[in-house]
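These notes are about the structure you will find just below.
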Amino acid sequence: MPAGLPVLATQDDIARIAPAFARALSQEFDLAALAGRVCPVALQDGAVAIFALADYAAGDAVDEVERMVLRRGRRLAQPSRYVLPAPLLLSVARGQLTLEGLRDRRGVLADRHKSALAAGFCEIVTWGVRNGASDVHLNVHRERAESEIRYTICGRYVAPARFRHMPTATLMEMLAVAWMDVRGGNGAVFDPQLEQQGQLHIDVDGRPVMLRWASLAADKGPSVCLRLLRLDALPQDASLEKLGYLDNQIDMLNRARCGDGGAIVLAGVVGSGKSTTIATLMRSLPEGRKVITLEDPVEYVIGNALQNTIARNLDDSQATVFDAKLRTVKRSAMNDLLIGEIRDAETGRAFMDLASSGVNLYTTTHAASALMIPERLASDFIGVSRDFLATPGVLKLLVYQALLPRLCPHCALPIESLLEGDNSERWSAWMQRFSALYALPIKVLRVRNASGCPHCVNDDLPHLNGTSGRTVVAEMIEPGNDDILLRCIRSRDTIRLRRYLRGRRRAPFDSPDMEGKSALECAVYKAAAGIIDRREIESRFQSFAAIDQERERRREGGRQRSGMRVYAGGRRHPVRGEDARARRAGHGAMEEGVHA
1 MPAGLPVLAT QDDIARIAPA FARALSQEFD LAALAGRVCP VALQDGAVAI
51 FALADYAAGD AVDEVERMVL RRGRRLAQPS RYVLPAPLLL SVARGQLTLE
101 GLRDRRGVLA DRHKSALAAG FCEIVTWGVR NGASDVHLNV HRERAESEIR
151 YTICGRYVAP ARFRHMPTAT LMEMLAVAWM DVRGGNGAVF DPQLEQQGQL
201 HIDVDGRPVM LRWASLAADK GPSVCLRLLR LDALPQDASL EKLGYLDNQI
251 DMLNRARCGD GGAIVLAGVV GSGKSTTIAT LMRSLPEGRK VITLEDPVEY
301 VIGNALQNTI ARNLDDSQAT VFDAKLRTVK RSAMNDLLIG EIRDAETGRA
351 FMDLASSGVN LYTTTHAASA LMIPERLASD FIGVSRDFLA TPGVLKLLVY
401 QALLPRLCPH CALPIESLLE GDNSERWSAW MQRFSALYAL PIKVLRVRNA
451 SGCPHCVNDD LPHLNGTSGR TVVAEMIEPG NDDILLRCIR SRDTIRLRRY
501 LRGRRRAPFD SPDMEGKSAL ECAVYKAAAG IIDRREIESR FQSFAAIDQE
551 RERRREGGRQ RSGMRVYAGG RRHPVRGEDA RARRAGHGAM EEGVHA
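Residue numbers for the sequence shown follow the UniProt record's numbering, beginning at 1 and rising by one.
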């Protein structure tokens, strides 16, 4: 680091400089290769300072930037250069720090009480970031002396002991102070009687974290959910394989990326890792392709993309901003476009406009399975035409993913350990049912060690003992030019479509070949491979007892269609005469279109 240059390590350090920071000037200077490494900024007295990474704060390059400032008739500040860490410099260059936000921050720093509340809020967020939380939940109970703070960690809604006794009055004050740093929010102050949303940015361990604020005016009191978005959290070596995708699933994703035109749609519930997967996929696009994103908001930095944040208010008053951005993007000669989420009529129209335009379109939506993605897009709320969805080439790949806890490889126990307790008979029947359903030997299965080991034990979150992060389980459908599949989408025949897709499975359940397999069956494979605890499958998808009953109903239907009626006790009698002919005719009508 160059000797003698002042260092600005946090947003609070920037808030304290005098004259005060006004705005970034990165868009006004052609910095070429220095972009992201050097950023000229305007101070409130009109002078210009240079914010730079340590390796670029001295030398010919930054000297030339200063000369550019002087040639434009601007005055250099004293001191003229400051050293910033990379995440903070990125926040400045992207305009995430504003004059108003820093002014509020200076007010908080000057007020000891507000400063203590702000520090408490940062402690809550910092604990969540360090423990891998996806969300922080601050639930105010107005009629109680204490309120609760919870986190979503590894998909579980947990209340750490250290935050269980938060005074309600303190939490309300803390939320009011935190709202002062919110940008793009609806309301000048925190209002517990209104639904509010916005964004705020803080630094945790020198790294930028964006908090997406969504407050619900519940009957008991406001409930604020903060989605934690680590802008630089996606490692440069992140890959679909490391996320948990299997080889033939990666092959399907790579096939879908080939050729121009059509859409890859990724679905899942909230917190299922959709944004991580889509960012990893976009990062892996080959050089020589122009990549643009439209996101609300940007969640991960995608270095090879021109990213655009489009923040829309609860009242959708920013719709014109999205439309204007979209019109410009269509003239930008891009090869690949990411629309963060298809969730309403506006983004539905954009999907229809772009999916058939020759551009590779990537997007996400909320749906319960890959099968339900066309239903979600064609819903009244989004309004994409079924005829359009059934056009060959429009839907290239439909993906549904979920995240399940990965077993700690160092301490996972054989499944027979469940037989050592008081419920051995119940567990034994449970194991036998699973083995019969999926033709898997019991001995290959493993379960979580609740005591953990030095590699995984967590005193604050003991329910995570025995786990090591999460892994993706996914299902994929390639509509492409499959006439039968597209006909089912057009006619909204999801039952026939499910039967058709089920018939495409070609490998046993302990095979990594996922052709025709559901996300649940992908999870079964990972249980057979000792990667996940089989008990997690039921809690996330469906009980195996219900699956057993469903299979029995299908077998019953098959026996009846074959001309046999089954009575109680298992006695079978042939269905004769007109009754049998009627059943065969009905079955033929049901199958028409699937086998055509």
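All residues carry an ideal CB built from backbone N, CA and C; glycine is no exception.
All figures in this text were calculated on a predicted structure; none of them were measured in a lab.
1. At which residues does the alpha helix (DSSP H) containing serine 539 begin and terminate?
2. Write down the C-beta distance between proline 297 and methionine 210 rounded to the nearest angstrom, noting that I regard them as a contact closer than 8 Å.
3. Would DSSP call aspartate 60 helix, strand or coil?
4. Report the rounded CA-to-CA distance for residue 599 versus proline 160, giving the unit in angstroms.
5. What do you reckon, are the CB atoms on residue 603 and glycine 73 nearer than 7 Å?
6. In angstroms, rounded to a whole number, what distance separates the CA positions of arginine 111 and arginine 103?
7. Identify whether glutamate 521 lies in helix, strand or coil by the three-state DSSP scheme.
8. Hey, how far is the Cα of residue 626 from the Cα of arginine 505?
9. Could you check what DSSP says for arginine 446 in three-state terms: helix, strand or coil?
10. Give the list of continuous alpha helix (DSSP H) stretches no shorter than 4 residues that lie fully inside the segment 459–491.
11. Could you check the C-alpha separation between threonine 364 and methionine 282 for me, to the nearest Å?
12. Taking the beta strand (DSSP E) that glutamine 432 belongs to, which residues open and close that run?
13. From what residue to what residue does the alpha helix (DSSP H) around arginine 496 run?
14. From this set, Leu43, Trp213, Leu464 and Leu445, which residue's C-alpha is nearest proline 454's C-alpha?
15. Examine the Cβ distances between the segment 254–273 and the segment 413–423 and report whether three or more of them are shorter than 8 Å.
16. On a Cα-Cα basis, can you pick out the residue from Ile547, Gly557, Met180 and Ser275 that is closest to arginine 433?
17. Closer than 8 Å is the cut-off here; do at least three beta carbon pairs connect the segment 483–502 with the segment 399–408?
18. With respect to the beta strand (DSSP E) encompassing threonine 293, which residues constitute its N-terminal and C-terminal limits?
19. Determine the DSSP secondary structure at histidine 366, reduced to helix, strand or coil.
20. Considering Cα atoms alone, identify which of Ala15, Arg553 and Ser357 is closest to glycine 101.
21. My guess is that tyrosine 82 and leucine 171 are in contact by the Cβ rule of under 8 Å, so how many angstroms apart are they, rounded?
22. What is the DSSP secondary structure of leucine 337, reduced to helix, strand or coil?
23. My assumption, with CB atoms under 8 Å, is that valine 472 sits in contact with leucine 243. Please give the rounded CB distance.
24. Ignoring anything shorter than 4 residues, give me the alpha helix (DSSP H) runs that lie fully in the segment 259–307, in order along the chain.
25. Measure the beta-carbon distance from serine 147 to histidine 141 and round it to whole angstroms, keeping in mind my assumption that it falls under 8 Å.
26. What separation, rounded to the nearest whole angstrom, lies between the Cα atoms of glutamate 556 and isoleucine 250?
27. Assign residue 605 to one of two classes, buried (16 or more other C-beta atoms within 10 Å of its C-beta) or exposed (fewer than that).
28. Just to confirm the assignment: which complete beta strand (DSSP E) runs, minimum length 3, are found wholly within the segment 185–244?
29. Measuring CB to CB, does leucine 84 end up less than 7 Å from serine 91?
30. Roughly how many angstroms lie between the CA atoms of glutamine 560 and arginine 490, to the nearest whole one?
31. Out of Met180, His201 and Ser369, which has the shortest C-alpha to C-alpha gap to aspartate 191?
32. Would you mind stating whether alanine 477 and alanine 370 have Cβ atoms separated by less than 7 Å?
33. So, helix, strand or coil for proline 40, using DSSP?
34. Just to confirm my understanding: we take alanine 52, look at its own chain, exclude 5 residues before and 5 after, and list those with CB closer than 8 Å. What are they?
35. Alpha carbons only, please: which of Gly530, Ile531, Leu520 and Leu419 is nearest the one belonging to serine 543?
36. Assign threonine 328 to buried or exposed, taking buried as 16 or more other Cβ atoms, counted over all protein chains shown, within 10 Å of its Cβ.
Quick answer:
1. Where serine 539 is concerned, the enclosing alpha helix (DSSP H) stretches over 534–540.
2. Right, their Cβ atoms sit about 7 Å apart.
3. DSSP places aspartate 60 in helix when its eight states are reduced to three.
4. Residue 599 is absent from the structure shown; the chain starts at 1 and stops at 596.
5. With the chain running from 1 to 596 in the structure shown, residue 603 is simply not present.
6. The sequence as given places aspartate at residue 111; arginine does not occur at that position. Taking the straight line from one Cα to the other gives about 13 Å.
7. Glutamate 521: helix per DSSP, three-state reduction.
8. Limits of the chain in this structure are 1 at one end and 596 at the other, which puts residue 626 out of reach.
9. Three-state result, arginine 446: strand.
10. Taking only runs of at least 4 residues, the alpha helix (DSSP H) segments lying wholly in the segment 459–491 are 483–491.
11. Distance between the alpha carbons of threonine 364 and methionine 282: 13 Å.
12. Counting along the chain, glutamine 432 falls outside any beta strand (DSSP E), though it belongs to the alpha helix (DSSP H) covering 424–438.
13. From DSSP, the alpha helix (DSSP H) with arginine 496 extends over 494–502.
14. In this structure, Leu464 is the residue among Leu43, Trp213, Leu464 and Leu445 with its C-alpha nearest to the C-alpha of proline 454.
15. The way I'd put it, the segment 254–273 doesn't touch the segment 413–423; fewer than three beta-carbon pairs between them come closer than 8 Å.
16. Per the Cα distances, Ile547.
17. Counting C-beta pairs closer than 8 Å gives fewer than three between the segment 483–502 and the segment 399–408, which falls short of the contact rule.
18. Where threonine 293 is concerned, the enclosing beta strand (DSSP E) stretches over 291–295.
19. Residue state, collapsed to three classes: coil.
20. Here the closest residue by C-alpha is Ala15.
21. Rounded to the nearest angstrom, the Cβ distance from tyrosine 82 to leucine 171 is 36 Å, too far for a contact under 8 Å.
22. Three-state DSSP puts leucine 337 in a strand.
23. That belief holds up - the Cβ atoms of valine 472 and leucine 243 are roughly 5 Å apart, short of 8 Å.
24. The qualifying runs are 274–283.
25. Indeed, because the Cβ distance is near 5 Å, the residues count as touching under 8 Å.
26. Note on geometry: alpha-carbon atoms of glutamate 556 and isoleucine 250 lie some 37 Å from one another.
27. Past the boundaries of the shown model lies residue 605; the chain is included only from 1 to 596, so the question cannot be answered.
28. The qualifying runs are 196–204, 207–217 and 222–230.
29. Taking 7 Å as the cut-off, the Cβ atoms of leucine 84 and serine 91 do not count as close.
30. Cα to Cα, the separation comes out at about 30 Å.
31. Taking aspartate 191 as reference, the option from Met180, His201 and Ser369 with the minimal CA-CA separation is Met180.
32. Position check: residue 477 holds isoleucine in this sequence, whereas alanine was assumed. Yes, the Cβ-Cβ distance between isoleucine 477 and alanine 370 is below 7 Å.
33. Assignment of proline 40 by DSSP, reduced to helix, strand and coil, places it in the strand class.
34. Within the same chain, Arg37, Val38, Cys39, Val62, Arg81, Tyr82, Val83, Leu84 and Leu89 come within 8 Å of alanine 52 by CB-CB distance, once the 5 residues on both sides are set aside.
35. Among Gly530, Ile531, Leu520 and Leu419, the Cα nearest to that of serine 543 is on Leu520.
36. In summary, threonine 328 is exposed, with fewer than 16 beta-carbon neighbours lying within 10 Å of its beta-carbon over all protein chains present.
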